[in-house]
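Heads up: the structure comes next, in structure tokens.
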Amino acid sequence: MKIRLAAYLQPDSIVDGDGIRTVIWTQGCKHNCPKCHNPETHDMFGGALIDCEEIKKQIKDLKNQDGITFSGGDPFYQPKECAYLAKYIHSLGMNVWTYTGFTFEKLLEMSKSDTSIMDFLKEIDILIDGPFIFSLKNFSLLYRGSSNQRIIDVKKSLELGYVVIAYHDEVEEENSFGRNNKYMFV
Ligand code: SF4
């Protein structure tokens, strides 16, 4: 199985999630968020196709990483491949964070016709969801670019049936959804 990536694995990031993390930059995104910071990752045929077994080798050789973050691009355009890698990452004892331009609720809807989306969701510890909205941009936000985006505890959310926010920060008061709300989806 091959996955389309925008760049080499990037170890030692401290801005793409909790702790010291390696980022997997997936290639391909159709959200077209105005003023996106990574427009070179949008082309669905750009980047390079890499064998997942080669990526697993690179992941196994990583040192002193708390987890892996899937970013892009949007990893949910390649859910089967990402689920496969995320399962392997968990087997090595590292956690999995993922960025997506889809909302969590939209992914649940999409999973009804594409089971690999739920396979991937089940292998994600933390999901940062929603498009980047320039008018809601705030560089003070924890781990995300605009205040509409949520830092979601996926396992608890799937278990409880509503969106559980994993991390709050002060500026989240500006979030249009309001703080400490429960985002019911079932
Ligand atoms: S989802 Fe991310 S990569 Fe895609 S257009 Fe929006 S900001 Fe850019």
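For the sequence shown, the tail end lands on 313 under the working numbering, and the numbers increase by one without skipping. The C-beta atom is built at its ideal place from N, Cα and C for all residues, glycine as well.
Pop quiz: residue i and residue j are said to be a contact at Cβ under 8 angstroms. What is the actual Cβ separation, rounded to whole angstroms?
i, j, result
"ASN281", "ILE251", "Note on identity: in this sequence residue 281 is Val, with Asn being the wrong assignment. Rounded, the Cβ-Cβ distance is 5 angstroms, consistent with contact."
"SER218", "VAL150", "Contact doesn't hold; Cβ gap of about 19 angstroms is too wide."
"ILE278", "LEU269", "7 angstroms"
"ASP143", "THR196", "4 angstroms"
"MET128", "TYR204", "About 15 angstroms separates the two Cβ atoms, so there is no contact after all."
"SER240", "LEU248", "The pair is not a contact, with the Cβ atoms about 14 angstroms apart (cut-off 8 angstroms)."
"GLY257", "GLN276", "5 angstroms"
Beta carbon of residue i, beta carbon of residue j: below 9 angstroms?
i, j, result
"ASP193", "ASN222", "yes"
"THR225", "ILE186", "no"
"ALA133", "THR153", "yes"
"ASP201", "GLY173", "no"
"PHE261", "SER273", "yes"
"CYS209", "ILE147", "no"
"ASP101", "GLY155", "What is shown of the chain runs 128 to 313, which leaves residue 101 out entirely."
"VAL290", "GLU236", "no"
"TYR135", "LYS183", "no"
"LYS207", "ASP246", "yes"
"LYS81", "LYS264", "Nothing can be reported for residue 81: it is not among the residues displayed for the chain, which extend from 128 to 313."
"ALA293", "ILE253", "yes"
"HIS330", "PHE259", "With the chain running from 128 to 313 in the structure shown, residue 330 is simply not present."
What is the residue span of the alpha helix (DSSP H) that residue i lies within?
i, result
"ASP368", "Residue numbering for the chain in the displayed model covers 128 to 313; residue 368 lies beyond these limits and cannot be assessed."
"LEU285", "281 to 287"
"ILE186", "179 to 187"
Terminal residues of the continuous beta strand (DSSP E) containing residue i?
i, result
"LEU254", "253 to 256"
"LYS239", "Element bounds for LYS239: n/a, residue is neither H nor E."
"LEU132", "129 to 132"
"SER140", "137 to 140"
"ILE151", "148 to 152"
Alpha helix (DSSP H) segments (min. 4 residues) lying fully within the stretch 190 to 237:
206 to 218
Any heavy atom of the ligand SF4 nearer than 6 angstroms to the CB - residues listed:
CYS156, HIS158, ASN159, CYS160, CYS163, ASN165, THR168, GLY199, GLY200, ASP201, GLY228, PRO258 and PHE259
Complete runs of the beta strand (DSSP E) confined to the stretch 153 to 177 [at least 3 residues]
none
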